Amino acid sequence: MKGRAPKKRVRDKFEESVDHVIEVKDGTPVSKDVIKAAANVQGVRASYNQAFRAIGRAVTKTQREKQQASFGLIMSYLHHFQLRNEDSTVRAESDADQRLRRLGICPGFMKHSLRHVRPVLSLDGAHLKSQWKGTLYTASV
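Count the sequence shown with our numbering and you get residues 1371 to 1511, in order.
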């Protein structure tokens, strides 16, 4: 095949080089390491900018995977929280796709200690711009 390989294939080779560097090296990979790995392992010449962008994509992908994995653990954390705090109230609602729709937590110590405090309701909302989009409402009573 003559000519330059499609950009996506070359980009994938750089990302494979970043994965190789992450496996071999302790700590965060740097562009110099990715350039060497691309030349030695993949047989591709990489510029500093290509290596730098490949590291950025790999780090972003890793962070996204960690977020998704930790988001999936919320229900088990809530279950353990309720087991350790028997007086607490935990309510969670999911939709048909098992996505978390609502979550409510009231620790048991708050039920007992704040019984004689003047009632005040405080509401706050934050718009989520991440992959899960939506609005996070927090209510304190």
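The C-beta atom is built at its ideal place from N, Cα and C for all residues, glycine as well.
What you are looking at is a predicted structure, and each value in this text was computed from that prediction instead of being measured.
With respect to the C-alpha of V1411, the residue from M1480, S1446, R1471, V1391 having the closest C-alpha is V1391.
Here P1477 has N1455, S1458 as same chain residues with Cβ atoms under 7 angstroms from its own Cβ, once five neighbours each way along the sequence are excluded. Boundaries cannot be given for G1442, as no beta strand (DSSP E) includes it and DSSP labels it neither H nor E. Looking at S1500, A1409, S1510, the one whose alpha-carbon comes closest to that of P1489 is S1510. Counting along the chain, H1482 sits inside the alpha helix (DSSP H) bounded by residues 1478-1483. Scanning its chain for C-beta atoms nearer than 8 angstroms, with the 5 sequence neighbours on each side dropped, one finds around A1424 the residues R1381, F1384, E1385, S1387, V1388, V1404, A1416, in chain order.
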